[in-house]
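Taking the working numbering, the leading residue of the sequence shown gets 2, the next gets one more, and so forth.
Glycine included, C-beta positions come from ideal geometry on N, C-alpha and C.
Just so it is clear, the structure is predicted and the values come from calculations on it, not from any experiment.
A short write-up of the structure that comes next.
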Amino acid sequence: MDPSEAQNTRFAAEVVMTENPFEVWTDQNKVSSPGIVASGFLTDAQLDISLLILISFSQIFNIAGIIGNILNIVVLAKLGYSEPSNISLTALAASDLSCAVLSTWSGLCFLPPFRDSNLPFDTINVSSLTGAFLWAYMTRTSAWITAFISFERCLCVLMPLKVKRLITTKTTLRAMVIIVILTTFPYFSSYFGYRFVWIKYPHLNATILNIISRGNDYFPLLETIVMIICGVIQPLLAFIIVIVCTIFLTVQLKKMSSWRKTATSVDSRANSTPSDAAVRSSSSNRDVRLIRMVVAIASIFIVCFTPTCVQLVCTAMFKEFFYFGVYERLFFLISILTLLCQSVNGSLNIIMYYNMASKYRITLRRLFDLDSKNKTNLLQFRARKIFL
2 MDPSEAQNTR
12 FAAEVVMTEN
22 PFEVWTDQNK
32 VSSPGIVASG
42 FLTDAQLDIS
52 LLILISFSQI
62 FNIAGIIGNI
72 LNIVVLAKLG
82 YSEPSNISLT
92 ALAASDLSCA
102 VLSTWSGLCF
112 LPPFRDSNLP
122 FDTINVSSLT
132 GAFLWAYMTR
142 TSAWITAFIS
152 FERCLCVLMP
162 LKVKRLITTK
172 TTLRAMVIIV
182 ILTTFPYFSS
192 YFGYRFVWIK
202 YPHLNATILN
212 IISRGNDYFP
222 LLETIVMIIC
232 GVIQPLLAFI
242 IVIVCTIFLT
252 VQLKKMSSWR
262 KTATSVDSRA
272 NSTPSDAAVR
282 SSSSNRDVRL
292 IRMVVAIASI
302 FIVCFTPTCV
312 QLVCTAMFKE
322 FFYFGVYERL
332 FFLISILTLL
342 CQSVNGSLNI
352 IMYYNMASKY
362 RITLRRLFDL
372 DSKNKTNLLQ
382 FRARKIFL
């Protein structure tokens with residue numbers, strides 16, 4: 002008999018002896034559904050009720066995020082990519098859109114009614130490999146794109162004359178590609194350690210799709226390295242960069258506000274023409290609006306990403322705060338809470354763009370024919386046609 006077939010036969014025999022179809026043991030590690038087989042101080046009923054509430058709210062924001070980010074991509078494409086900032090904002094919208102889609106799938110599979118509906122696959126394990134893992138890495142992508150946008154705006158303040166040579170459309174595009182590769186490539190290492198199999202459960206008279214370990218000797222070490230670098234260091238570093246840049250931009254906003262007041266009073270006393278003052282004021286207002294928008298986006302990100310960072314720190318510090326640990330249920334509950342926070346984060350950007358970017362607002366209104374001026378002109382034209 003082939004060694005792999007012998008291993009699968011032995012594994013199938015172990016599965017038959019398992020009372021719970023959502024608990025699967027292998028020689029190397031255990032693969033289970035954390036929502037079913039969990040230990041800790043939360044009961045099954047308390048966990049299920051909490052999951053139902055959190056995931057229901059999360060799905061609402063996911064739908065809003067999907068619609069909003071599709072609109073963001075369409076509007077930014079219409080605005081064009083002559084401005085490097087439009088490229089990074091489009092990349093952020095695409096990343097948030099991916100997060101919303103993956104979060105919708107993962108949240109659906111984690112819902113207790115869907116999870117317990119006797120489907121032909123283990124909803125928790127299968128969705129973890131097809132949705133939750135990639136969702137986690139895509140949130141890192143959004144975090145680093147937000148960090149890049151914040152850092153770019155800091156450079157605009159520090160080096161206003163040199164930034165156009167440093168941050169070009171090509172530079173921004175390359176940066177986005179590098180960020181996506183570095184943050185999502187480790188996800189594919191998961192496929193080196195797990196594979197999909199159909200497992201027979203005689204006591205259920207059913208065959209269920211599940212995941213099992215491939216039995217690679219090097220995978221535990223690879224998984225540990227990926228977890229440390231991509232699961233802890235990468236997101237925390239991006240979080241710190243966003244915080245530092247946001248504080249810097251907030252301070253600069255206050256300085257620019259006081260400078261504008263001083264400059265306005267000086268222009269009023271000087272003999273400068275109204276047109277020159279208007280040009281300077283328009284340019285300054287545009288820069289201030291853009292900085293305010295970046296600060297708003299970064300601030301929302303900081304608030305929504307804080308639970309993720311707290312979870313990462315607790316996971317690194319406390320061994321039992323993880324799957325199969327004493328506090329597994331609490332870990333699972335906080336994981337769903339982070340999913341909700343990220344769903345909120347990805348759905349609010351369209352509101353920031355609409356309220357703070359005039360070009361975006363005008364383009365979006367024209368997209369849906371909501372421009373009041375155009376409507377007024379159209380009504381006047383129709384009125385003339387009727388009465389003349």
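Check your understanding: Count the other CB atoms within 10 Å of the CB of Val16; is the residue buried (16 or more) or exposed (fewer)?
Key -> As a position in the sequence shown, residue 16 is number 15, starting the count at 1. A caution first: Val16 carries a pLDDT of 40, below 50, which makes its placement in the model unreliable, though a value can still be read off. Val16 comes out buried.
**Study point:** the stretch 140-150 touching the stretch 94-104, judged by at least three CB pairs closer than 8 Å
**Key:** Between the stretch 140-150 and the stretch 94-104 there are three or more inter-stretch CB-CB distances shorter than 8 Å, so the stretches are counted as touching.
Review point. Is Ala299 helix, strand or coil by DSSP?
Key: Position 298 of the sequence shown, counted from the start, is the residue given in the question as residue 299. Collapsing the DSSP output to three states places Ala299 in a helix.
Practice item. Ignore the nearest five residues each way along the sequence and tell me which others in Cys110's own chain have a CB closer than 8 Å to its CB. Key: Start at 1 with the first residue of the sequence shown, and residue 110 comes out as number 109. Cβ within range, chain order: Arg116, Thr124, Ile125, Val127, Ser128, Gly132.
Exercise for review: Return the chain-ordered list of same chain residues with a C-beta closer than 7 Å to the C-beta of Ile303, the five sequence neighbours on each side being excluded.
Suggested key: Mapped onto the sequence shown, residue 303 falls at position 302. Cβ neighbours of Ile303 beyond the five flanking positions: Val243, Ile244, Thr247.
Check your understanding: Should Asn206 be labelled buried (16 or more other beta-carbon atoms within 10 Å of its own) or exposed?
Key -> The residue you call residue 206 lines up with position 205 of the sequence shown. By the 10 Å Cβ count, Asn206 comes out exposed.
**Study point:** Burial state of Ser336, where buried means 16 or more other Cβ atoms lie within 10 Å
**Key:** For the purposes of this step, residue 336 is taken as the residue at position 335 of the sequence shown. Looking at its Cβ environment, which holds 16 or more other Cβ atoms inside 10 Å, Ser336 is buried.
Exercise for review: Would you check if the stretch 150-169 and the stretch 178-193 touch, i.e. whether three or more CB-CB distances between them fall below 8 Å?
Suggested key: Note that the stretch 178-193 does not touch the stretch 150-169; fewer than 3 beta-carbon pairs, one per stretch, sit closer than 8 Å.
Exercise for review: With distances taken Cα to Cα, identify the nearest neighbour of Gln312 among Thr339, Ile301, Ile298.
Suggested key: For the purposes of this step, residue 312 is identified with residue 311 of the sequence shown, where counting begins at 1. Nearest C-alpha to Gln312: Thr339.
Exercise for review: Report back the beta-carbon spacing between Leu368 and Val158 to the nearest angstrom; my notes put them in contact at under 8 Å.
Suggested key: Here the question's residue 368 lines up with position 367 in the sequence shown. Here the question's residue 158 lines up with position 157 in the sequence shown. At roughly 32 Å, the Cβ-Cβ gap does not stay under 8 Å, so Leu368 and Val158 are not in contact.
Exercise for review: Taking Ile182 as part of the alpha helix (DSSP H), name the residues at either end of that continuous run.
Suggested key: Here residue 182 refers to the residue found at position 181 of the sequence shown. 170-185 is the span of the alpha helix (DSSP H), which, as asked, contains Ile182.
Point to revise | Burial state of Thr169, where buried means 16 or more other Cβ atoms lie within 10 Å | key: Locating residue 169 in the sequence shown gives position 168, where the first residue counts as 1. Classification of Thr169: exposed, given that the 10 Å Cβ count is below 16.
Exercise for review: Rank Ala144, Ile61, Pro203, Asn73 by C-alpha distance to the C-alpha of Ala239 and give the top, closest one.
Suggested key: As a working mapping, residue 239 is identified with position 238 in the sequence shown. Minimum Cα distance to Ala239 is reached at Ala144.
Point to revise | Met257 and Ala297 closer than 9 Å at C-beta | key: Residue mapping note: residue 257 aligns to position 256 of the sequence shown, counting from 1. Residue mapping note: residue 297 aligns to position 296 of the sequence shown, counting from 1. Against a cut-off of 9 Å, the Cβ pair of Ala297 and Met257 comes out as no contact.
Review point. With 16 as the cutoff for other CB atoms within 10 Å, does Val345 come out buried or exposed?
Key: Numbered from 1 along the sequence shown, position 344 holds the residue referred to as residue 345. By the 10 Å Cβ count, Val345 comes out buried.
Practice item. Grab me the residues of Phe197's own chain with a C-beta within less than 7 Å of its C-beta, minus the 5 sequence neighbours each way, in chain order. Key: Taking the sequence shown and counting its residues from 1, one reaches residue 197 at position 196. These residues qualify, in order along the chain: Leu210, Ile212.
**Study point:** Of the residues Cys342, Trp136, Leu135, Thr91, the one placed nearest Phe61, counting alpha carbons only
**Key:** Start at 1 with the first residue of the sequence shown, and residue 61 comes out as number 60. Looking at the sequence itself, residue 61 is Ile, so the reference to Phe does not match. It is Cys342.
Review point. Bridge partners of Ile420, per DSSP?
Key: Outside the shown range of the chain, which is 2 to 389, sits residue 420, and nothing can be said about it.
**Study point:** Straight-line gap, Tyr188 to Tyr202 (C-alpha atoms, nearest Å)
**Key:** Stepping through the sequence shown from its first residue, residue 188 is reached at position 187. Stepping through the sequence shown from its first residue, residue 202 is reached at position 201. Distance between the alpha carbons of Tyr188 and Tyr202: 30 Å.
**Study point:** Range of the contiguous alpha helix (DSSP H) that encloses Ile234
**Key:** The count along the sequence shown starts at 1 and reaches residue 234 at position 233. Note, Ile234: premise wrong, no alpha helix (DSSP H); not H, not E.
Check your understanding: From what residue to what residue does the beta strand (DSSP E) around Ile213 run?
Key -> Residue mapping note: residue 213 aligns to position 212 of the sequence shown, counting from 1. Note, Ile213: beta strand (DSSP E), 207-214.
Check your understanding: For Thr147 versus Leu93, is the C-beta distance shorter than 9 Å?
Key -> Taking the sequence shown and counting its residues from 1, the one referred to as residue 147 is at position 146. Taking the sequence shown and counting its residues from 1, the one referred to as residue 93 is at position 92. Result yes, Cβ atoms of Thr147 and Leu93 sit closer than 9 Å.
Check your understanding: For Val327, which of helix, strand or coil comes out of DSSP?
Key -> Taking the sequence shown and counting its residues from 1, the one referred to as residue 327 is at position 326. Correct three-state label for Val327: coil.
Review point. Where does Asp277 sit, in a helix, a strand or coil, going by DSSP?
Key: Here the question's residue 277 lines up with position 276 in the sequence shown. Low local confidence applies: a pLDDT of 46 at Asp277 is under 50, so the model's placement there is unreliable, and no value is given.
Practice item. Please report how far the alpha carbon of Thr1 lies from the alpha carbon of Trp199, in whole angstroms. Key: Outside the shown range of the chain, which is 2 to 389, sits residue 1, and nothing can be said about it.
Review point. In the structure shown, what three-state DSSP assignment does Lys201 receive?
Key: Along the sequence shown, read from residue 1 onward, the residue named residue 201 stands at position 200. The answer is strand: DSSP assigns Lys201 an E or B state.
Review point. From this set, Pro85, Ala358, Gly69, which residue's C-alpha is nearest Leu291's C-alpha?
Key: By one-based count along the sequence shown, residue 291 stands at place 290. Per the Cα distances, Ala358.
Point to revise | alpha helix (DSSP H) segment containing Thr131, residue limits | key: The residue labelled residue 131 in the question sits at position 130 within the sequence shown. Segment: none, Thr131 is in no alpha helix (DSSP H) and carries neither H nor E.
**Study point:** Reference Ile229; option with closest CA among Phe186, Leu55, Ala317
**Key:** Within the sequence shown, the letter at position 228 stands for residue 229. Of the candidates Phe186, Leu55, Ala317, the one whose C-alpha sits nearest the C-alpha of Ile229 is Ala317.
**Study point:** Neighbour-count burial assignment, Asp28, 16 or more Cβ in a 10 Å radius
**Key:** As a working mapping, residue 28 is identified with position 27 in the sequence shown. Because Asp28 carries a pLDDT of 37, less than 50, the predicted location of this residue cannot be relied on, and the following value inherits that uncertainty. Looking at its Cβ environment, which holds fewer than 16 other Cβ atoms inside 10 Å, Asp28 is exposed.
Check your understanding: Where does Leu162 land, buried or exposed, given buried means 16+ other C-beta within 10 angstroms?
Key -> Indexing the sequence shown from 1 puts residue 162 at position 161. With fewer than 16 Cβ atoms within 10 Å of its Cβ, Leu162 is classed as exposed.
Review point. Are Ile219 and Leu130 close, meaning C-beta to C-beta below 9 Å?
Key: As a first step, residue 219 must be located in the sequence shown, where it is residue number 218. As a first step, residue 130 must be located in the sequence shown, where it is residue number 129. One point to set straight first is that residue 219 is Tyr, not Ile, in the sequence displayed. No, Cβ-Cβ distance for Tyr219 and Leu130 is not below 9 Å.
Review point. When you compare only the Cα positions, how much space is there between Glu329 and Thr44?
Key: To locate residue 329, count along the sequence shown from 1; it is residue 328. To locate residue 44, count along the sequence shown from 1; it is residue 43. Their backbone Cα atoms lie some 12 Å apart in a straight line.
Exercise for review: Tell me whether Tyr188 sits in a helix, a strand or coil according to DSSP, three-state version.
Suggested key: By one-based count along the sequence shown, residue 188 stands at place 187. Reduced to three states, the DSSP call for Tyr188 is helix.
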